[in-house]
Every structure is written in C-alpha cells, then in structure tokens.
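Remarks on the structure that follows.
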Amino acid sequence: MSTAESAAGSAAEGTALLEIDALSVAYGRRGGRPGQQILEEVSLRARAGEILGVIGETGSGKTTLARAVVGLAPVTGGRITVDGAEITGLRGRALREFRRTGRIQYLFQDPLRSLDPDLTVGALVAEPLAVTGTGSREQRAERAAEALHRVGLDPGLAERLPGQLSGGQRQRVSLARAVVTRPRLLLADEPVSALDASNRNHVLRLFDRLRTELDVAVVVISHDLSSLAGIADRIAVLYRGRLVEQGPTAEVLTHPLHPYTALLTASAPSVRREHRIPPGRLRRQEAAPEWALEGAGGCGFAARCVFADDACRAAPAVEARPGAREVACHHADTWRGRLSSPELAVVAVGR
Amino acid sequence: MPASSLSEPAADTPVLAVEGLHITVNGGRTEAVRDISFTVRAGEAVGLVGESGSGKTLTCRSVLGALPPGVQVSAGTATLADRGGGSTDLTGLDRRGWERLRGVRLGAVFQDPASYLNPSLTVGRQLAEPLMVRQGLSRAAAHRRAVDLFTAVGLHRPAEVYHRYPHELSGGMLQRVLIAVAVSGDPELLVADEATTALDTVVQAEVLDLLGRLRSERGLALLLVSHDLAVVAEVCDRIVVLYAGEVVEEGPTEQVLAAPAHPYTEALLRVASLGDWSRRELAVIPGRPPEAGRAPTGCRFADRCAHARPECRDGVVELRSAGEGRRSRCVRLEALHLSGTVLQEVSA
Amino acid sequence: MRTLRRTWRVPIARLALAVLAAVALLAVFGGQLAPQNPLAQDANHILAGPSGAHLLGTDYLGRDVLSRLLAGTGLSVAGALEATGVALLVGIIPGLASLWLGRVFEWISLRAVDALMTLPFTLFAIAAIGLLGNGIHQAMIALGVLLSPLFFRVTRAAALGLRQSPYVEAAELMGASRRWVLRHHIWSKVLPTVAVTTAQALATSLLTVASLTFLGLGVQPPAPTWGGMLATDLGFLSQQPWAPVLPGLLVMVTAGALHLLADALRDSGAADAVREPHAAATADPAPAAREEKADARIVTV
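From first to last, the protein sequence lines stand for chains A, B and C.
The numbering used here puts the first sequence at residues 1 to 351.
The numbering used here puts the second sequence at residues 1001 to 1348.
The numbering used here puts the third sequence at residues 2001 to 2301.
Right under this line is the structure:
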C-alpha cells in the first residue's frame, strides 16, 4: 500500500468502484521485443457517483486506458478491478460473459460511426439487451424507451435511423444505449469533442445528472479542459503514458503541482484570463537535453520541461500530497518558486 | 500600426472589406447569409464567431472563392485592397483571377491539416514546389526559403522537418507547415477557418501565439473563424458575432466581452470557456438556431432570448451603432444592461 | 430489399431486369412455348429460310431453329445458375469465415484461393470433364469452384472493412457472439456487393457454358444449347450466313443484361454503403465532423 493510496483512501467516502493499479499497456510485444509502451504503471480510482476526468494530449494514452478497462487493449502489467472483481485476465468466453452483464459501458468518440447506420434507434438502444436475450421484445422496447427518455430524447425517435438525427441527438442515443443495461461504470471517450459549445454543455449536463440518478462511476476522457472543469469531481492528468498529477478538479486546475498541468491550464483559451501564468514561461525553447530525447527512462516530460535538470533522469514516482492529491515530479514543490528567475527566462519561450 | 516591409495601402483602407454580402444555397432558393459587412485592416485580427449554421463558414469560403456548387454570392461585395492602390472584387473573380490571388495575396489554413497535404510527398517539397513555380526560385533557393519559413513558424529542427512526410508529424506541426505554406507568398490577408479546433490544448495555444506573432511581425491582416469565443478572445482585436446568417454584434474584443451589446453575445459568453476552473453550473442556450430560409420575422434570436419582448418580433431589425466602433442588431439595445466579463492581463 | 428498391430507380436496371425476366421465362417454359419439337428432324426442309411453319428457318437436320433456341435457353441458363450457385457457396462462407475463425484458417483459405485464381476457366472445365466424365453438371461444378475466389475476395474485402467499424466493436463490447455480429451488422451490408458480383458471375458462367457447348463438351447432342447451335451454324455459314447471329445474339443480350444489372446495382449506391465504413475505419480518429459538418443544410466544403 503506497502512501498515495492511503492518502487518497482516507479522503474517500465509500469504496472505489473502479480500481486501476499500476496498469501497463504495450503494443507489439512479442518474444524479446519490448514493443511500444503506451501506458506505464498508471493507478487510478473512481467511486460510484463520481466523475473522474482523464485529460491528456494526443499520445498520452488516455484512450488506451479506457479501452484497457473494457478489454480492448493488450495489458502487459498491473490490475483492473471493477466492483471488487478483477477483470484484467479475462479472455474469450469469460470476457464475453462479463461484457454481457453490462456492468461496464464504453461510449465511443464518434457517435456517427459507432451506431450501425442501418438499424433504427430503438433497435440500437435495445441491442445490449437483445444480445443477452433479456426479456421479451416488448420488454426490451420498453426499457429502450425508458433509456431514451432518461437521456432527454423523445422515445418517438425509436423508428428513426441515426443518419436522420443531429450530432447531439446521436450522442444521446449512444448514451441511451450505454445506460440501458444499468451499468455501474461508464467510460466516455471524448463525448463532446465533436459538438459545438452550446451542445457540449447540454450533453455534459446530462452526464452530471445521470451519475447521480444511476449512481454510476463515470470516467470522462478528454483533451479539452473546460469540458472537464464543468463536471469532473476529480481529474487525472496523463502525459506520454504516465500519470503526472491527480486530485480534485478545482485544486488541480487552479494550483497545479506539475509543470505540465500548469502548461495545460495556461494554454487553455479563455475569455477571462485571471491569475494565469503566461504559457510562454512554461514552454521550453532551448533544445532538450540529449538524455531526455532518447527516451531511455527518466521523466517523460523532461524534453519539454523548462525546469528539467539531472534529477529528472530518473522517472519520478507518484507521490501523495495534501488534499487527496498526487503528483509525479521531482520538482513539484519548487518549480513555482523558480518561475521568475532569470536563468529560466533563457530556457523558456517568453511572453 | 505594426511595421511592415511592404508598401501598404493607405492607412485607412482596410485590406479586406466585406459589404452587404448575401449568400444563397440550394441553387439560389434559400438565403443562408444576409447582409454581412465587416472590415479587416492590415495588422488587425478580426474574429468571426458563431455556432453551427451561423454562416461564418460560408462567409469565409466566399472570401476565398471556395463556395461549393449550388452556393453563390447573390449580392454584396468582398474587396481586397491592392498594394498599389485600387482593389479587387473577390466576388466577381473568375478562375484565372483566383489563381493569381490565392497563395500570393490571400492565404488560408483550415481545420484538419493532414487532409490538406499530399501524404506521398515530404512536407518540405510541398512547400518548396509552389515557391519554385510561383516565385521562380531555383530548387536550392526554394529549399532554403522553405527551411526559413519552417523556422519562422516555430518548427523545431526545421531542416529535418523538411524531409519528413505528413504522417510522421503531429497535428500541431502539420498545422504549422500549412501556415508556412499560407504565408510563403507574403499575403496581405490570412484566413484561419477553425484552424485550431482539432488541435490539443497546448498546441492550440502555440499556434494561436504564432498567428498573433505573424500578424505583428508581417503586418498581416488576420481573419479568424471559430465557434469558440475563447479562441477568438485570445487573438483578435475585433469580434464579429454571427447568428442565423446575420451579424448581430461587432466591436473591439475587450469592449464586446466586457459589456456585450446583444443578448446572443451574452449567451455565448456564458457557455464559453471562462478559464475559471471551479465547478459551475454549465450554461446552455435553449433551443436551436432557425434553419436557413426559415428565419422568423423580426429578430432571429428572439425565440431563444432571455430578454425578448413582443416588439422584438415586429419587422426587420437593422444593425445599429452601439458606441464607438461598435454595432448591434438588438431592438432593445438601449434598454438592456448585459453582463459580460473582464479580460484581465496576466500576472505571474 | 432496400438494394432492389434502390436499383429499380435506375432506368437501365429496369430494362435489364425486363430482359432477364424474359430469359428466365424462356428458361422455364421455353420447351412448352416452342411451336415444334426441337428434336424433330425434317429431311425435306434442310437449311430453309424463315417461313410460316418455321419462323426462323431450319438447321442442317431440318430442325426448327426457333424451337431449338427456346428449348436451349433452359439448358444454357441452368448451367450458368448451377455454376454461380456453387461459386456462391464455396466462396462466401469461407470468405466470411476467414475473418472470424482465426489466423490459421485465414492463411490456408487465402492460399487456396490464390491457387484457384491461377487456373483458366475453360481449360479447367475441360480437364474436369475429361476426368469426371462428359456431363454438364461436372463441368458446372468445376466452373463454380473456379469462380468462387471472386466471391471469396469480394465478401472478405467487404466484411474486412466492416469488421473494423466502431459499431462492430460496440457490439463486441456488448458481449455479442460472432454469429450475432455477422447476422445483425455484417451480412446485410455485404449483400449488395455480393449481388453485383453474382450478376457478373452469372454472365461469365453463361459465356463459359456457351463456350463449352460450342466445343461440344458438357451437353450431348442432339440436346439444343446456344453454344452448340452456334457451333453447328458456323459449319454451314455459306448456306445460312445469318444463322449464327441468332444464338450469338441471345448469349450477348443475356450476358449484356446481366452486366447492366450489375452496373445498376453498383451505381444505385447500395454497394457504397459497404465502401463507406472502409474509409471511415481508416480515417484519423481526431475530433472529426462537428455539428456543422453533419448539418445538411449548410453546405460546407
């Protein structure tokens, strides 16, 4: 039990529904070949009724994380436990049986492509039930109508085809299909990226409502800070396959402990830019140190980090911080103090 | 006025002047854009903001001469000022005219950078080729200039990037390449249509910075089109807010955001990224914009407006002055005090 | 069914279907419709021109040409159907199975198909006849086996693109069995492409049947077949120069109608529904089509 876990556990109410322990995922690993490491030793928790936001840029491994939970990514290390049951090693028939319970649901990024264009909305939403042969056709249709209603859609849409709906409506259909099995855990991959500002908030509000109504744990994957800031209780920041910071959303975003998180919040466009560090101060302009570019161990962010030094040759461990927070950085406590120092001005891009 | 090595048009002549633009779709049967006017001066960044269906993309495409078949400008003009005085009417240009203009006086970047590059050629070659063809540079000179341009757009190790293929570069790098292509001909106007929408947050900030830098270094006129008010707020000097095919508000960014003069702008502000990270009630604008050609009489936003009154629905609403350099298409302009937000400069 | 409806809208398809319907009728009822007995020889009227009794004249044995043509339709068409039917069975099922039964089966089936594709149709059919005896069935089954790679490849390609679609993955995440996925998500989307290929295969089989019977293989004389008639007519070209035109025309028209139907099926966009997921599956997963792009009323570039 690491200090991180006990710190996080003591602040938690209720047990974690989803427990990810030191998860590692790599593609193309065969024989002696190490393959390509996508995730390395990531540990996360999500409780029932909580929304956990996972944020990262392209290549951070955030989508792979979600896919690993549902068994779509090659796990090479660590454990995933849902509701006390370990699901990491499930294969073949056992995996299919588990999937049929509908306890975990995964929401794809693009509802246009994740809904079969030739099936009606009603058939699509009822499909998880039909696959398991739950109830009669009428009962399934009833549950589908209930699910549609729950996500704010008129059940009369059941006869339409996905192509006849708007983007926001399709996303809701996708969500209806996910909640029809009354899941315990919902994983949403970029649920609002394809929608514009006002539609985005409609769907985000829906997530907020659903998690209390259904007491599900929700994990929302996103690259967009403002979507997560609106609804996530806790936020986990991934960078190049590693967890760099985790904690309550408001704290993490207003007082980031990791330089990358600070860079993220500084870069996010906003209409009002209060108390923000100019992103230029956090962007490295000078060539990165050689050892950082090789990628031979060490902190994954060092190559872009303004504060990187020799200590960063060793990969930083995830450490607990007060307020149920975690951070993986050698300089977590000191980088802020160095922000305005003159030698940093040379390294950074500037205002 | 930022310095520029080019001879500029007379200081009060805008680089781009769009006047009374009307665009029809469906082969002329439906009017999608009505009476849009705005200007962009040299060294100025103007943001066109609006949700889907506001007409911002159509307006942008008409300025670039890239309207799809069945869609055309039915009235109005879009004028590009010539360097030596005089001007070119973009709406009346034929193919030849566009060939002379595109890339030379007008540059553009769009949303999905990968789809604008040939996957089987190196990015350097794709930049060098037009330089050789248009500017008559030799292969070696074009190569050097391409590397210079890559440096100017902030690509690390530009000489190496020259030999990379598009699939080897990230989205942010590709967008920088396309910006390099867009400014290679030293254009007067750069149009960015949702250029940063598909990019990661950090990269988005870098690209927006780059656009801002190019604007001040080269005296570029910048037209930024986005659905995200926050993006526009970061870079633009002036904002033009579009709704249902019309301009509903226009003015200097700070003023428009601090004290909006139209309820739609106020609503957009509420749903935009505030940069305030504490949990808040997610605001929505109820309802949907009217479909093209099916706009109600009177104010088009009235059905969704929190401040609507019966008089808002009588008759056509004109664009009126709302102060120095500001315009608004709100019937109740004088009566309303709309809440905005204050742009603060950052302190470390 | 949606496929048929869409195809009906294409004008050429209606013409093609009409022609094929006529041919089908002849195939079934040709024998009864024939005014005379196709085998009846009349020594007094050899190689006669068109007349009241013999609308299209007689052949070198005094048999009524029209009756022979009508009766011959059945045999020619039956042969084509048999070959195509075999090709469908041998091609489609392994085609789909190669994607869902594991890598070993996939490899074996691909190599088997490669081998089959190297063999030429007519020669193989002749060899089969030589080996198995001179019957039309043997020849058609052999032909069917040779045509099966076409269906194998087409089905496999179609299903491959579909298999990678997010909606198939979504079904797998529901715990759906392979059968369920195939039945509900793949099969109906593969059908339009299969339909196009079937029409083309029928045309090819028909021509091959005609060639075989032309060479005197497969069907024993005096049974009338189009190809057989063509062969004998060529022998008497100087006396009846117009005679070969008739069976040749029938072959041509039928094969032509089949190809037109195939084109219409493809053009009706039914087959495009299969190709779409192809492109979509390989597209960049970056935040794609926004509300605006999905919004049909704004024609975005």
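Glycine is no exception: its CB is placed at the ideal position from the N, C-alpha and C atoms.
Three-state secondary structure (DSSP) of residue i
i: C/Ser2067; result: helix
i: B/Ala1195; result: coil
i: C/His2045; result: coil
i: B/Ser1052; result: coil
i: A/Glu245; result: strand
i: B/Glu1291; result: coil
i: A/Val69; result: helix
i: C/Gly2130; result: helix
i: A/Glu190; result: coil
i: B/Val1015; result: coil
i: A/Ile87; result: coil
i: B/Ala1333; result: The sequence as given places Leu at residue 1333 of chain B; Ala does not occur at that position. Three-state result, B/Leu1333: coil.
i: C/Tyr2060; result: coil
i: C/Ala2097; result: helix
i: A/Tyr106; result: strand
i: B/Asp1209; result: helix
i: A/Asp21; result: strand
i: B/Glu1318; result: coil
i: A/Val75; result: strand
i: B/Tyr1116; result: helix
i: A/Gln37; result: strand
Any chain B beta carbon closer than 9 Å to residue i
i: A/Gly230; result: yes
i: A/Ala268; result: yes
i: A/Gly61; result: no
i: A/Ala332; result: no
i: A/His258; result: no
Residue i at chain A interface by Cβ criterion, 9 Å
i: B/Thr1151; result: no
i: B/Ile1285; result: yes
i: B/Val1177; result: no
i: B/Glu1019; result: no
i: B/Ser1170; result: yes
i: B/Ser1216; result: no
i: C/Gly2175; result: yes
i: C/His2184; result: yes
Counted within 10 angstroms of its Cβ, other Cβ atoms place residue i as buried (16 or more) or exposed
i: C/Ile1982; result: Summary: the structure shown does not reach residue 1982 of chain C, with chain C confined to residues 2001 through 2301, and so no result is reported for it.
i: B/Asp1349; result: Since the first and last residues shown for chain B are 1001 and 1348, residue 1349 of chain B lies out of range.
i: C/Trp2242; result: exposed
i: C/Trp2324; result: No answer is possible for residue 2324 of chain C: it lies beyond the span of chain C, which begins at 2001 and ends at 2301.
i: C/Arg2005; result: exposed
i: A/Leu225; result: buried
i: C/Leu2131; result: exposed
i: C/Phe2152; result: buried
i: C/Met2117; result: exposed
Residue i versus residue j - alpha carbon distance
i: A/Cys90; j: C/Glu2172; result: Note that residue 90 of chain A is Leu in the sequence shown here, rather than Cys. Rounded to whole angstroms, A/Leu90 to C/Glu2172 spans 14 Å at the Cα level.
i: A/Leu112; j: C/Val2190; result: 20 Å
i: B/Arg1034; j: C/Asp2267; result: 38 Å
i: A/Ser43; j: A/Val220; result: 16 Å
i: B/Arg1215; j: B/Ser1321; result: 28 Å
i: A/Asp196; j: B/Val1231; result: 13 Å
i: C/Ala2115; j: C/Leu2207; result: 23 Å
i: A/Gly78; j: A/Leu23; result: 4 Å
i: B/Ala1258; j: A/Arg200; result: 24 Å
i: B/Pro1056; j: B/Gly1086; result: The sequence given here has Lys at residue 1056 of chain B, not Pro. Cα to Cα, B/Lys1056 sits roughly 27 Å from B/Gly1086.
Residue i: first and last residue of the uninterrupted alpha helix (DSSP H) it sits in
i: B/Arg1034; result: Element bounds for B/Arg1034: not the alpha helix (DSSP H) but the beta strand (DSSP E), 1030-1040.
i: C/His2137; result: 2136-2163
i: C/Leu2265; result: 2245-2267
i: C/Glu2106; result: 2103-2117
i: A/Thr334; result: Premise fails: A/Thr334 is in no alpha helix (DSSP H) and is neither H nor E.
Contact with chain C by residue i, beta-carbon distance below 9 Å
i: A/Pro74; result: no
i: A/Glu213; result: no
i: A/Leu90; result: no
Residue interval of the beta strand (DSSP E) (run including residue i)
i: B/Pro1252; result: 1246-1252
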